[in-house]
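Numbering (mature numbering (1 follows the signal peptide of the UniProt record, and there is no 0)), first residue to last: -18 to -1, 1 to 230.
Rendered as structure tokens:
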């Protein structure tokens, strides 16, 4: 009988010890019926967010993440714009305040799969000075799986542009007049010189694998989907116009 009581006591203690080790985000915890995987700041490091706001100029933003001590820093890029701030990840939600006043706030609800992959469940951008402002669309992209854009051509409708091996964006490549030439008699005319050439060629630099910027001229990124398109593509903004382009 004493042996039986001792065995029961040991089993009870083991059960209590196991219960104490369970956390509220433990996927094996029976009290966590949805098997929620906890998202940490480190989980976000290989990702970036691409978002378009509803109103104003510089609608397109690319948000990259870097480690700062034990915390997370968000680097928010727009055309000719960069703001870095500390972010918080709590209850699988990423939040940050653009200027620390509560005027411009960002919120992204995340979900983590059993394999560790993150997905974006919802997003919110609030501007207290403009109630019409907000996100038109946002998507989470992984630097490890993003399509490569370097040394490649892209088309958005009839618009053709190229990322060259010398780190420039050759924009709007087509046949155009590049000069004139005078032909003496008997022709006796000034005729245009035509060539296939870009409108502009602008140096760019990478933000993270899959995203890039050309100071105030361009910003863009490869995304796994965008709005009603469920396949990989590029979104790129120039002169406050956002283009959706396919790799050629």
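For each residue, glycine too, the CB sits at the ideal point set by N, CA and C.
Fair warning: this is a prediction, and the values are worked out from it, not measured in the lab.
Excluding five sequence neighbours on each side, which residues of the same chain lie with their C-beta closer than 8 Å to the C-beta of residue 180?
In the chain shown, counting from the first residue as 1, residue 180 sits at position 198. Hits under 8 Å: 143, 144, 152, 153, 154 and 155.
Reducing DSSP to helix, strand and coil, say where residue 26 ends up.
Sequence index remark: in the chain shown, residue 26 carries index 44 (1-based). Of the three classes helix, strand and coil, the one that applies to residue 26 here is helix, per DSSP.
Residue 216: buried (16+ other C-beta within 10 angstroms of its C-beta) or exposed?
Here the question's residue 216 lines up with position 234 in the chain shown. So residue 216 ends up on the buried side.
Excluding the five sequence neighbours on either side, which residues of its own chain have a C-beta within less than 8 Å of the C-beta of residue 223, listed in chain order?
Within the chain shown, residue 223 is the residue found at index 241, counting from 1. Nothing listed; no residue qualifies.
Is the stretch 66 to 74 in contact with the stretch 19 to 36, if contact means three or more CB pairs nearer than 8 Å?
Enough Cβ pairs lie closer than 8 Å, so yes.
Look at residue 125 and residue 185 and say whether their C-beta atoms are less than 7 Å apart.
Taking the first residue of the chain shown as position 1, residue 125 is located at position 143. Taking the first residue of the chain shown as position 1, residue 185 is located at position 203. No. Outside cutoff.
Use the C-beta contact count for residue 201: other C-beta atoms within 10 angstroms, 16 or more gives buried, fewer gives exposed.
Taking the chain shown and counting its residues from 1, the one referred to as residue 201 is at position 219. Per the 10 Å Cβ criterion, buried.
How would you call residue 220, buried or exposed, if buried means at least 16 neighbouring beta carbons within 10 angstroms?
What you label residue 220 is simply residue 238 of the chain shown in a count that begins at 1. Label assigned to residue 220: buried.
Please list the terminal residues of the continuous beta strand (DSSP E) segment that includes residue 81.
Here residue 81 corresponds to residue number 99 of the chain shown, with the count starting at 1. From DSSP, residue 81 is part of no beta strand (DSSP E); its letter is neither H nor E.
If you pair each beta-carbon of the stretch 170 to 180 with each one of the stretch 107 to 114, do three or more pairs fall below 8 Å?
Verdict: no, contact absent.
Work out the CA separation of residue 92 and residue 104 for me, nearest whole Å.
On the chain shown, residue 104 is found 122 positions in, with the first residue counted as 1. On the chain shown, residue 92 is found 110 positions in, with the first residue counted as 1. If you take the alpha carbons of residue 104 and residue 92, they lie about 7 Å apart.
Mind listing, in chain order, the continuous beta strand (DSSP E) runs of no fewer than 3 residues lying wholly within the stretch 155 to 179?
Runs of the beta strand (DSSP E) inside the stretch 155 to 179: 156 to 165 and 171 to 179.
How should residue 31 be labelled, buried or exposed, when 16 other C-beta atoms within 10 angstroms of its C-beta is the threshold for buried?
The sequence position of residue 31 within the chain shown is 49, counting from 1. By the 10 Å Cβ count, residue 31 comes out buried.
For residue 65, which residues from the same chain have a beta carbon less than 7 Å from its beta carbon, with the 5 sequence-adjacent residues on both sides left out?
If you number the chain shown from 1, residue 65 lands on position 83. Closer than 7 Å at the Cβ level, and outside the excluded window around residue 65, lie 58 and 80.
Since I believe residue 227 is in contact with residue 128 (beta carbons under 8 Å), could you give me their beta-carbon distance rounded to a whole number of angstroms?
Residue numbering aside, residue 128 sits at position 146 when the chain shown is read from its first letter. Residue numbering aside, residue 227 sits at position 245 when the chain shown is read from its first letter. At roughly 14 Å, the Cβ-Cβ gap does not stay under 8 Å, so residue 128 and residue 227 are not in contact.
I'd like the span of the beta strand (DSSP E) that includes residue 226, first residue to last.
Within the chain shown, the letter at position 244 stands for residue 226. Taken as a continuous stretch (DSSP letters only), the beta strand (DSSP E) holding residue 226 covers 223 to 229.
So which of 39, 213 and 90 has the shortest CA-CA distance to residue 26?
One-based indexing of the chain shown puts residue 26 at position 44. Among 39, 213 and 90, the Cα nearest to that of residue 26 belongs to 90.
What first and last residue would you give for the beta strand (DSSP E) that runs through residue 201?
Reading the chain shown from its first residue, position 219 is the one you call residue 201. Segment 200 to 205, the beta strand (DSSP E) holding residue 201.
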